[in-house]
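J.: Converting from the sequence shown to our numbering requires adding 148 to each position, the first position being numbered 1.
Glycine included, every Cβ here is placed at the ideal spot set by N, Cα and C.
Submitted below is the structure of interest, expressed as structure tokens.
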Amino acid sequence: MSHKTALFVGRFQPFHKGHLSVVKYLAFHYEKVVIGIGSAEDNYLPKNPFTAGERYEMIHRALEEEELNLSKIAIIPVRNINNYALWVRHVELMLPKFDVVYTGSSIVKRLFKDDRKYKVEEVKKKIMTSATKVRRKILECEKWEDLLPPATKNYLLSIKGDKRIRKIN
149 MSHKTALFVG
159 RFQPFHKGHL
169 SVVKYLAFHY
179 EKVVIGIGSA
189 EDNYLPKNPF
199 TAGERYEMIH
209 RALEEEELNL
219 SKIAIIPVRN
229 INNYALWVRH
239 VELMLPKFDV
249 VYTGSSIVKR
259 LFKDDRKYKV
269 EEVKKKIMTS
279 ATKVRRKILE
289 CEKWEDLLPP
299 ATKNYLLSIK
309 GDKRIRKIN
């Protein structure tokens, strides 16, 4: 294993089974995993309905439910500084040291590739879904629950996240 710590950056709005499949892969292949909750300051917005704390809970509960070794996984909110030229340095200051970056975000990929300091890997989800799809299904009152890990679904329902998505859109 040439890389010891993987960084997985996303907004996780909400954390779904595709995200979980990536974390499980990373936890198996790397000594440590850092999950960076991006745009931590955004919430109660159509594309960002959940707070950083709520997203932390969704992720933590899903990983706990999967019985992943949480001692090797750090979940850390990262505020967006809205300055792409400085963003990678900002992430380095906010998070523990990492060696390789995984993300589904094209801009995050570009920024880390341009920086040339980190290896950037393509996110390979075993389960193809997206948080956008989950939010759309909730908004259109379609079946969405099976796209989320049970612990995430239960937490989302406990905070009435489905109603919030419908209300803010």
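Do residue 303 and residue 155 have their beta-carbon atoms positioned less than 8 Å apart in this structure?
T.: no
J.: Taking Cβ positions, are residue 200 and residue 163 nearer each other than 8 Å?
T.: no
J.: Flag this pair as touching only if the region 229 to 239 and the region 252 to 264 have three or more C-beta atom pairs under 8 Å; answer yes or no.
T.: yes
J.: For the beta strand (DSSP E) that residue 201 lies in, which residues bound it at each end?
T.: No beta strand (DSSP E) holds residue 201; the alpha helix (DSSP H) holding it covers 200 to 213.
J.: Using a 10 Å radius around the Cβ and a threshold of 16 neighbouring Cβ atoms, would you call residue 275 buried or exposed?
T.: exposed
J.: According to DSSP, simplified to helix, strand and coil, what is residue 280?
T.: Looking at residue 280 - three-state DSSP - the assignment turns out to be helix.
J.: Pick helix, strand or coil for residue 149, following the three-state DSSP scheme.
T.: In this predicted model, residue 149 has a pLDDT of only 47, less than 50, meaning its place in the structure is not dependable; the value taken from the coordinates is given anyway. Here residue 149 sits in coil by DSSP.
J.: Can you tell me which of the three DSSP states residue 178 falls into?
T.: coil
J.: Return the residue from the list 257, 315, 169, 153 that minimises the CA-CA distance to residue 277.
T.: 169
J.: Beta carbon of residue 286, beta carbon of residue 224: below 8 Å?
T.: no
J.: To which residues does DSSP link residue 267 through a beta bridge?
T.: 248
J.: Taking only three categories from DSSP, how would you classify residue 154?
T.: strand
J.: Identify which residue in 219, 152, 190, 160 has its Cα closest to the Cα of residue 300.
T.: 160
J.: Please name the residue, chosen from 174, 295, 247, that lies closest to residue 271 on a Cα-to-Cα basis.
T.: 174
J.: Throw me the rounded Cβ distance for the residue 267 and residue 177 pair, which I believe falls under 8 Å.
T.: About 13 Å; that fails the 8 Å criterion.
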